[in-house]
Every structure is written in C-alpha cells, then in structure tokens.
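Peer 1: The structure follows.
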C-alpha cells in the first residue's frame, strides 16, 4: 500500500513538474516587457590613424594600391555586412553625398557619364532623391572582430523618375570604387570608345594610379588591365530589350529604353 | 518505506529534475540568443531607417515641418516608425505599440535605447534615437515585430512539456523495471534468510556477478554453511549429552536400586547374620562402584576445564612407574605382566599419561587376560606405546563405540569388576589432549591391542634431560 502511494506521489510530482518551465518562461517574458535599456553599441570599426586630415574632401586620405586590392578582395569574398555610425577618419553622410556628386561631375566633365548621351534628358544628373548608408563588410574572422575603417563604404543612391545612380564610396578616401547607373531615355548615342574612356576615367577617380596594360571589350562589357597590380577596371553594360511606354497626363505616350551600366574595381586571381 | 520504493522515488526525482533543468537551460539559452539576435536586427533596421531619414532631411531640410512629407517618408521605411519633437510631441506615428516615457529618457545623444513592448497580440522591440538637424533634434522610433520569435519560444516550451511527459512516462516503466532488477537479488537473500530462520539450514543462494549483491549472496552462503556445520555440531553434542545423562542416570539407578533394596531389607526385618553380611557386602561393593564412577566423572570434568602443560618425559621412567602399580595387581590376579620400552623422550603430561595407561591396563586386566604387555617403540618421528592383552577381545563391530561414555561391551563382566564404562572415554580424551588418538585393534576372540602415538624428542631433549 505504501509502495503504491509512493508511486502515485511520484507520478503526481512528475506531472506537476511539467508546468514549471512554462511558469518560469512566462515570468521571464513578463520581466522582459517590464524594462528598457540602452543598446550596447559594439562598434567593431577602428578609427583611421593616418597623418592626413581625416574625412577632408580637399585632402583626402589615400590608400596604397596593395591595400585597395586587399579591400576589394574582402568585399568580393564577404557576403555579410552591417550598418554602423561613422568613426573618426571616415566621411560623414554629407561628405559622402558631396563625393558622389563630385564623381558624377567628374565623369560628366570627362565625357564619360552615360546620361549625357541620352536622346532626351529627363531629370538631373543627380536625381531628385538621395539616400546613403554606411556599411562595413564582415570578414571571415566573424562579426565581432574589429575591422579597419577603410573596409567601410558609403552606399549612396541618387534617384528620380529617369535615373538611379548607386555609388559605393570608400569611407576613408571618398573615392568611388563601384558604381551602378540605371537610366531611362528614348535613345542612347554612346560614342564608340565610350567603354574604354569611361573605364580609364573611373579608374583614375578611384585612386588607382597604375598605367593601363591592356583592354578587352565585348557586347556585354569591358575590362581594363593595369600594370603591376592585380586590380582591374570592369564595366558591364546591359541594354534592356523592352520599350517602356506610358501615358502622360496630357494623353501623349512616351517610349523609353532602359540602360544599365556598372563600373567596379575587380581583382584578377 | 521499501527499498524498491526508495529507489524508484529517487530515480524518478533525479531523472525528472535533471531533464527539467537541462531542458530549461537549453531553452533559456536559445531564448537569450534569439532575444539578442532580434535586438541586433532591430538595431540594424533602426540604423537603416535613421540613414534614410537623415538622407531625406539632408536633401529637404524643411521636411519635418510638412506632416504629409513626414508621413510619405515614414511610409517608405521598411518598418513602422514614429517621429517625436524635442518636447516629445508627436510629429508622426504609425507604431502599433505605444512607447513608454522611459525609452525617451534613456536615449541620450549618440545612444540608442530599446524597449520590449506588447500591445494586444503583437510583441515588438522599439528602438529610439535622436537625429540631429543643425541645432535641433528629433526622436526617431522604429518598431520591429518579434511576435514570431516569441511564438516560436512558446511553441518550444509547449513541445518540451509534451516531450517531458512522454519521456517521463516511458522512463517510469524503465525505472520500475530497474528498481525491481536491483531489489530482486536482495529479496532473494531475504527470503533465504527467512527460510533459514525457520530451520532450513541447507538454504543457499545462487550467486551471479561480482558486484555488491553477488558478494552479499556469497557471504550469506558462507554464513549458512557455517551455521549448518555449527548446528550439526551442536546437535551431535546435544545428542551426546543426552546419551551421557541417560547412561549416567542408568548407571546410577542400577546400583542404587540394589543398595536401597538391601538397605530397606536390613532396616525392615530381622535377618540371619549370613544374610545381613551378604547384604552389607553387596552394599559395599555397589558403593565402591559408584565411588569409582564418581571419580571417573570428576576426571572427565577436570579434563575439559584445564589447560595442560606438556613436557618431555623419559619413557622408561614412566614405564617403571607403571610397573610398580601393575605388578602387585597382576600378581594377585595371576596375570603375567611384561614391559619393554625403547629409549626415548615423549612430549606428554605425566599424570595424564599415567592415567591413560592405568585405564588401558585396567581394561586389559578386566578382559580376563592371562598376559598383558606394555610396549614402547620408536616409529619415525613418533613414539608408539601399546597395551596388548590376550583377553576376551572386542567384537570388531563394537570397536568404534568402546570410547563412548558408559559404553560397555559386556556389562555384567564390567560391573562385576567395578567397571563404569568411562575408562576408554577418559583415555581417548587424554589422547586428544596429547594431539593423538587411541587405535584399537581386536578380532573379538584373542585379545586386544590399544596404541597411542606421542611426539618423540630428539638428541637435544635427551641431552637437556641429562
């Protein structure tokens, strides 16, 4: 009889015990929603330590070609990135916008801005709207390892109805190392040597000073090789096959073709 | 509480507590990780929204003065957002949950504060930070939905509960079997002990395994074996004692009956002198037999109580002592007494050895012998003393019993010679004290040989004696 009571008591205790985790977690939830706090801003981006004035558009910090190559390789290999606030030595948002505008002006001034060759321009070179976010790539060491400040870049977008210009601007040097231009126009009249000339200008503006060593072009894009470095300039061109048609308020119809051109620094090998 | 119940109880408690604790820790760890992950994700979203707002304000500095523009901008954000002025006045709000005052107070310049909020069925994290515009600032609050994460957590807890009940149910059966398996051998030992207590001394437990239970069973078997042997020994002793008492009573009763009868006759009537003399002679004879019996009993009793000190004794000296006592008796009885002894020292107690030899020689004389020989001979490392007679002998079938107390092969002859049946019993006991025993050989017709072997001393003992 005692044994049977003992067994029943054990079964009762076991059943009652099944409610314990639920009660504990309910209490835990209650405490979770009762408080607030400060986010621990674990910035893992190290401040810039060069002698040149940091973040100054007139005396920008410069990186050696080898370091540029290292950063490009990391950007290519990493598939994760995180947003962060600018640290000492990095451009502010305003400076990033200015750097982007300057790049567009410089490309346009050199005759290498595609929108200048559109059949009819609709909208400004910069676009009516703009946005910018500062991102850093997460390396193979993991997201908690400190990153040098030159691994960060401003992702600046200028856009309007006809244009979307997306620029990846190095956060320390202010140079554009990647650009994507999506434009709509009735027609495009790009000059014959546009690919080579625009690539040369792009590389010049990116801070890589090595001389050109070779050039290759096909229907889809072009590559410009440089002497003494694995860095190269890549250009992709995509003409959309569709013709976009829409009606204006006055009843007229407009037709435009889309063109996408992207520039970027690549690494051979 | 039975051991079975204790084991079952303890196992179930430990198992249940361990399962609960490990499950709680596991889920708790997962909960912490998920909460931290959600906070990081919410911070990421806040930062993105903050950049979008800052970008818009950079392009349109007067944006915040136009509520429509603020709403348009907020709707373009990937999450619900709210804008509050420096005095915490609401500029725009599309949040599903209401932010508490504390989240504003925590958001100092450069910091981002958070709050877990719950409104109706929606749980979310509110992130609050300041956005500076020239000399002014405003608050941006974003709302990241974490309902799915918490729903997963609750589902996990519910699943764990069901798992716990299922595993406990299965474990219940296993632990029942386990408790039975552990207590089964103990129950068998207990049952065997109970049967042994009821008199079954041959109980043994089949042992298997070398664990503590196996050792317990082995020790139980050893104990049972010892108990059985002791019980048999005690039973034999009790039987011997009973026989002894019965024989003693009989030996006492027989002469006393005659003595009382004759004494009663003397007291009761006038008898002729011849009859009076006969009666008196009988009474004296029986009295002497009872006296001899009493002396023998005293000797037997003394043998069982004393520690005897043995020493080295010269055999010829012992034999000479015996001869002095026996020769007159033998001469009176018409018995030829021969004695022959080799030189030697034996390990013995003098009085006991003499008593032994006296009893053997006395028996030989009572056996109607015409010749008695007392011989001493060295045999290897022992010394053999033999009493040999040519009397009636002992039937071979009775040789094994002649050393029993009160046993007499021919009762009438023994009693006639004042025999009590204790002489050989006494001699056997003395032989045991000397580490030896009596060896009796007889064909039942032509006499009897009784031998005893004693420790033989070397040259050293003989030199010491000299």
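Chains as they are written, first to last, in my numbering: chain A, 881 to 1149; chain B, 573 to 1038. From the three backbone atoms N, C-alpha and C, an ideal C-beta is built for every residue, glycine too.
From the DSSP output, in three-state form, read off residue 941 of chain B for me.
Peer 2: Residue 941 of chain B falls in the coil class under three-state DSSP.
Peer 1: Mapping the DSSP letters down to three states, classify residue 938 of chain A as helix, strand or coil.
Peer 2: Low per-residue confidence applies at residue 938 of chain A: pLDDT is 45, beneath 50, and the placement is therefore not dependable, though the value from the model is reported in the following sentence. Reduced to three states, the DSSP call for residue 938 of chain A is coil.
Peer 1: Does residue 990 of chain A come out as helix, strand or coil in the three-state DSSP assignment?
Peer 2: The answer is coil: DSSP assigns residue 990 of chain A none of H, G, I, E or B.
Peer 1: Apart from the five residues just before and just after residue 733 of chain B, which ones in its own chain have a Cβ nearer than 6 Å to its Cβ?
Peer 2: Nothing meets the Cβ criterion.
Peer 1: Which bits of chain A does residue 620 of chain B rub up against, with CB to CB less than 9 Å?
Peer 2: Chain A residues near residue 620 of chain B: 963, 1013.
Peer 1: Do you know how far the Cα of residue 584 of chain B is from the Cα of residue 736 of chain B?
Peer 2: C-alpha separation (whole angstroms): 12 Å.
Peer 1: With distance defined between alpha-carbon atoms, name the residue in A:1098, A:1108, A:994 nearest to residue 1089 of chain A.
Peer 2: Selected option, being the one with the closest Cα: A:1108.
Peer 1: Between the segment 608-621 of chain B and the segment 765-785 of chain B, do at least 3 Cβ pairs fall closer than 8 Å?
Peer 2: Contact between the segment 608-621 of chain B and the segment 765-785 of chain B is absent, because fewer than three Cβ pairs lie under 8 Å.
Peer 1: Taking only three categories from DSSP, how would you classify residue 601 of chain B?
Peer 2: Three-state DSSP puts residue 601 of chain B in a helix.
Peer 1: Based on DSSP bridge pairs, tell me the residues matched to residue 813 of chain B.
Peer 2: None; residue 813 of chain B has no bridge partner.
Peer 1: Give a yes or no on whether the minimum CB-CB distance between residue 937 of chain A and chain B is below 7 Å.
Peer 2: Only weak support exists for where residue 937 of chain A lies, its pLDDT of 45 falling under 50; the value from the coordinates is given anyway. Taking Cβ atoms only, chain B never reaches closer than 7 Å to residue 937 of chain A, which makes this a no.
Peer 1: If the cut is a Cβ gap below 7 Å, which residues of chain B does residue 1016 of chain A touch?
Peer 2: Those do not exist, as residue 1016 of chain A stays about 12 Å from chain B at its closest Cβ, beyond 7 Å.
Peer 1: So that I know if they touch, is there some Cβ in chain A lying closer than 7 Å to that of residue 584 of chain B?
Peer 2: It does: the Cβ of residue 584 of chain B has a partner Cβ on chain A nearer than 7 Å.
Peer 1: Would you say residue 736 of chain B lies against chain A (beta-carbon separation less than 7 Å)?
Peer 2: So, interface residue.
Peer 1: Measuring alpha carbon to alpha carbon, tell me which residue in B:691, B:725, B:708 is nearest residue 715 of chain B.
Peer 2: Nearest option by C-alpha distance: B:691.
Peer 1: From residue 977 of chain B to residue 933 of chain B, what distance separates their C-alpha atoms?
Peer 2: Approximately 18 Å between the Cα atoms of the pair.
Peer 1: Whole angstroms is fine: what's the gap from residue 784 of chain B's alpha carbon to residue 920 of chain B's?
Peer 2: Whole-angstrom Cα-Cα distance: 50 Å.
Peer 1: Please report the distance separating the alpha-carbon of residue 844 of chain B from that of residue 905 of chain B.
Peer 2: Cα to Cα, the separation comes out at about 32 Å.
Peer 1: At the level of alpha carbons, what is the spacing between residue 1042 of chain A and residue 677 of chain B?
Peer 2: Whole-angstrom Cα-Cα distance: 44 Å.
Peer 1: Using a Cβ-Cβ cutoff of less than 8 Å, which residues in the same chain neighbour residue 1018 of chain B once the five nearest sequence positions on both sides are dropped?
Peer 2: So the qualifying residues of the chain are 962, 965.
Peer 1: Determine, using beta-carbon pairs with one atom in the segment 978-998 of chain A and one in the segment 1066-1082 of chain A, whether at least three such pairs fall under 8 Å.
Peer 2: They touch, by the three-pair rule.
Peer 1: Runs of 4 residues minimum, wholly inside the segment 886-920 of chain A: which ones carry the alpha helix (DSSP H) assignment?
Peer 2: Counting only runs of 4 or more, we get 900-912.
Peer 1: How long is the line joining the alpha carbons of residue 1048 of chain A and residue 617 of chain B, rounded to whole angstroms?
Peer 2: Residue 1048 of chain A and residue 617 of chain B: Cα-Cα distance of roughly 20 Å.
Peer 1: Find the residues of chain A that neighbour residue 602 of chain B, judging by a C-beta separation of less than 9 Å, and give them in chain order.
Peer 2: Residues of chain A passing the Cβ test: none, with the nearest at roughly 11 Å.
Peer 1: Consult DSSP for residue 1104 of chain A and reduce its assignment to one of helix, strand or coil.
Peer 2: Strand.
Peer 1: Identify each residue in the segment 894-905 of chain A for which the Cβ-Cβ distance to at least one residue of chain B is less than 9 Å, and report them in chain order.
Peer 2: So the list reads 894, 895, 897, 898, 899, 900, 901, 902, 904, 905, given in the order they occur along the chain.
Peer 1: Would you say residue 971 of chain A and residue 1054 of chain A are within 7 Å of each other, going by their C-beta atoms?
Peer 2: It is a contact, given that the beta carbons lie within the stated cut-off.
Peer 1: Listing by chain order, which chain B residues have their CB less than 8 Å from the CB of residue 912 of chain A?
Peer 2: Here the neighbours are 607, 688.
Peer 1: Is the separation between the beta-carbon of residue 1079 of chain A and that of residue 1113 of chain A shorter than 7 Å?
Peer 2: Yes, Cβ-Cβ distance for residue 1079 of chain A and residue 1113 of chain A is below 7 Å.
Peer 1: Any beta carbon from chain A within less than 7 Å of residue 592 of chain B's own beta carbon?
Peer 2: True, the Cβ-Cβ gap to chain A drops below 7 Å.
Peer 1: Report all residues from its chain with a CB closer than 8 Å to the CB of residue 908 of chain B; omit the five preceding and five following residues, and keep chain order.
Peer 2: Result list for residue 908 of chain B: 902, 942, 943, 944, in chain order.
Peer 1: Can you check whether the CB of residue 897 of chain A is closer than 7 Å to the CB of residue 546 of chain B?
Peer 2: A question about residue 546 of chain B goes unanswered here, because the residues of chain B that appear run from 573 up to 1038.
Peer 1: Residue 1026 of chain B by DSSP, collapsed to three states: which one?
Peer 2: Residue 1026 of chain B falls in the strand class under three-state DSSP.
Peer 1: Using CA coordinates, which residue listed in A:1146, A:916, A:904 is at the minimum distance from residue 603 of chain B?
Peer 2: For residue 603 of chain B, the nearest C-alpha among the options comes from A:904.
Peer 1: Sorry if obvious, but does the Cβ on residue 772 of chain B come closer than 6 Å to a heavy atom of the ligand COA?
Peer 2: With respect to small molecules bound, the structure shown includes none, and the ligand COA cannot be examined in it.
Peer 1: Which word fits residue 576 of chain B, buried or exposed, when buried means at least 16 other C-beta atoms lie within 10 angstroms of its C-beta?
Peer 2: Answer is buried; the Cβ neighbour count reaches 16.
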